[in-house]
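In full-length UniProt numbering, the protein residues as written are 1 to 308.
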């Protein structure tokens with residue numbers, strides 16, 4: 001089962017997130033003109049995850065407009081042309097989290113449009129079925145919806161690698177709730193987890209985390225992270241299913257820069273040593289490590305992330 005997925009997980013192994021929809025602005029295709037993708041490739045990253053708000057750009061039935069899709073095409077092609085893997089992620093679909101039943105048909109229709117559109121594209125295009133299922137789309141219901149979407153994708157893409165998020169915001173603690181039979185029977189499935197622990201540090205400065213706390217990486221702080229990583233490793237070893245850390249990052253708004261570097265260095269090294277692929281959140285903005293105005297990278301963090 002895992003030969004295709006294992007090979008792709010290695011190809012994904014040094015990646016970063018660039019939110020695509022915010023760059024598909026009216027009248028300008030910033031993704032293709034601002035040089036960020038070229039900077040990522042030149043820095044040594046192997047993959048870019050493209051969080052894309054498909055539902056925002058669709059009609060009620062799941063139809064996707066040709067102009068929007070052509071811009072997605074161009075963005076994905078640019079990543080591929082630069083020799084990287086592109087992860088096309090259905091992101092920001094809040095409606096399905098609050099009303100799963102009312103959005104199921106739309107969800108499946110969108111995946112039918114996406115899967116059929118890209119069926120002949122490079123194998124270095126990866127699909128991510130849904131970012132961070134949560135709310136009313138509980139882990140049990142998510143297994144059902146995921147299986148239906150995967151079946152739609154496999155009608156057109158029999159061996160394209162697909163990322164499957166864990167339930168409850170891609171939370172490692174819900175790995176045991178995944179439908180293992182569905183995943184193990186698929187020729188090219190990778191499970192993806194998001195890792196922001198401890199949240200009071202990594203999210204410090206974000207809404208709801210204004211009163212965060214520092215993290216220095218001392219011997220009393222490391223077990224909190226290591227025990228969570230051990231649980232993920234245990235799942236991977238027991239099931240044989242590859243693991244992708246599809247998001248991990250540390251907000252730069254409040255955390256001391258030197259401690260932010262310490263955290264990224266530690267967790268990224270653990271991911272690497274445990275055989276997890278990893279894609280940092282995010283290129284710029286609140287968690288960013290790159291200044292698109294100056295073309296400069298945050299000291300130290302880039303070097304840590306691209307270490308193979």
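Cβ coordinates follow ideal geometry from the N, Cα and C atoms, glycine included.
Take the Cβ of residue i as the centre, count every other Cβ of all protein chains shown within 10 Å, and call the residue buried at 16 or more, exposed below.
i: residue 33; result: exposed
i: residue 291; result: exposed
i: residue 167; result: buried
i: residue 282; result: buried
i: residue 50; result: buried
i: residue 157; result: buried
i: residue 202; result: buried
i: residue 220; result: exposed
i: residue 226; result: exposed
i: residue 228; result: buried
i: residue 13; result: buried
i: residue 186; result: buried
If you follow the beta strand (DSSP E) that residue i is part of, which residue opens it and which one closes it?
i: residue 285; result: Premise fails: residue 285 is in no beta strand (DSSP E) and is neither H nor E.
i: residue 243; result: 243–248
Assuming residue i is part of the alpha helix (DSSP H), what are its boundary residues?
i: residue 306; result: 301–306
i: residue 8; result: 3–11
i: residue 222; result: 222–239
i: residue 202; result: 199–202
Name the DSSP bridge partner or partners of residue i?
i: residue 128; result: 89, 163
i: residue 266; result: Paired residues: none, contrary to the question.
i: residue 16; result: 48, 280
i: residue 194; result: 247
i: residue 291; result: 296
Am I right that residue i and residue j are in contact with their C-beta atoms under 8 angstroms? What's the rounded C-beta distance?
i: residue 46; j: residue 84; result: 6 angstroms
i: residue 293; j: residue 251; result: That belief does not hold up - the Cβ atoms of residue 293 and residue 251 are roughly 20 angstroms apart, past 8 angstroms.
i: residue 263; j: residue 215; result: 6 angstroms
Check your understanding: What beta strand (DSSP E) runs, 3 residues minimum, are completely inside the segment 143–191?
Key -> 162–165
**Study point:** Runs of alpha helix (DSSP H) wholly within the segment 27–110 (minimum 4 residues, chain order)
**Key:** 30–33, 36–43, 66–81, 94–98
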